[in-house]
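Step one of this worksheet: look at the structure below.
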Amino acid sequence: DAKTTQPPSMDCAEGRAANLPCNHSTISGNEYVYWYRQIHSQGPQYIIHGLKNNETNEMASLIITEDRKSSTLILPHATLRDTAVYYCIVRVEGYKLSFGAGTTVTVRA
Amino acid sequence: DSGVTQTPKHLITATGQRVTLRCSPRSGDLSVYWYQQSLDQGLQFLIQYYNGEERAKGNILERFSAQQFPDLHSELNLSSLELGDSALYFCASSALLDSYGYTFGSGTRLTVV
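Protein sequences appear in the order of chains E and U.
Just so you know, we're using our numbering here: the first sequence kicks off at 23 and counts up by one.
Just so you know, we're using our numbering here: the second sequence kicks off at 23 and counts up by one.
Right under this line is the structure:
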């Protein structure tokens, strides 16, 4: 699996958009970009994934650059419940997920 | 409720003992994955089973073993427990050629005293 680089932490104001960057410069053509989050000590939760195109669901938007070497997860209106560790993972479909250190996001009132 | 059931939620045991953690995957999922998360390390992949067969192995100690049964539930057996085995153990499930990654259970917190 390709390696990813994320900032260790970031703060966000409640109600504002949170933009979480991820670099994956060695991503290969068949690797997807996945985002998961882990709230406190709960099991990680799937957020969104994509291959080439930008994706949006009820939780977030995923913007992937044209060269696929980086991506940004956007939480459009962060709430206190979005405080969590966010993991950016690149992976071939069907293979194991390898978690890095992630970004600790703190949403402040 | 994610659909992945792990039991027990909490387990306290003494060093040298053996414990079994159980996981029932989400309905229709054939793959089961086990992960360990300790305080000083992130989520470490241990092992994957698909439809009863071992498919991938990660950083799993020889004292640990797992299996997946015909009804697709899985058990992770931890023996000769050490203090350092204290951790959260997560199970996840997926279809094999999954487009959405895994669904994780809520974990079993193991404390070795």
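For every residue, glycine included, the Cβ atom is placed at its ideal position computed from N, Cα and C.
Quick caveat, the model's predicted, so the values are computed rather than measured.
Asked: Unbroken beta strand (DSSP E) run spanning I111 of chain E, endpoints; Found: 106–114
Asked: Beta carbon proximity, P66 of chain E to chain U, threshold 8 Å; Found: yes
Asked: C-beta neighbour in chain U for Y56 of chain E, strict 8 Å; Found: yes
Asked: Cutoff 8 Å: L84 of chain E Cβ touching any chain U Cβ; Found: no
Asked: Below-8 Å beta-carbon distance, Y71 of chain U vs any chain E residue; Found: no
Asked: Residue nearest to Y58 of chain E in terms of C-alpha spacing, selected from E:G51, E:S50, E:Y68; Found: E:Y68
Asked: Status (buried if at least 16 other CB within 10 Å, exposed otherwise) for F91 of chain U; Found: exposed
Asked: Residues near T42 of chain U in its chain [Cβ-Cβ closer than 6 Å; skip 5 each side]; Found: E97, N99
Asked: Extent of the continuous beta strand (DSSP E) to which T128 of chain E belongs; Found: 125–130
Asked: Helix, strand or coil at D107 of chain U [DSSP, three-state]; Found: helix
Asked: Residue range of the beta strand (DSSP E) that includes L33 of chain U; Found: 32–35
Asked: Interface residues of the segment 70–104 of chain U facing chain E [CB-CB below 8 Å]; Found: Q70, A78, G80
Asked: Selection of the segment 121–133 of chain U by Cβ proximity to chain E, strictly under 9 Å; Found: S121, Y122, G123, Y124, T125, F126, G127, S128, G129, R131
Asked: Meets three-Cβ-pair contact criterion under 8 Å: the segment 75–83 of chain E and the segment 92–103 of chain E; Found: yes
Asked: Burial state of L61 of chain U, where buried means 16 or more other Cβ atoms lie within 10 Å; Found: exposed
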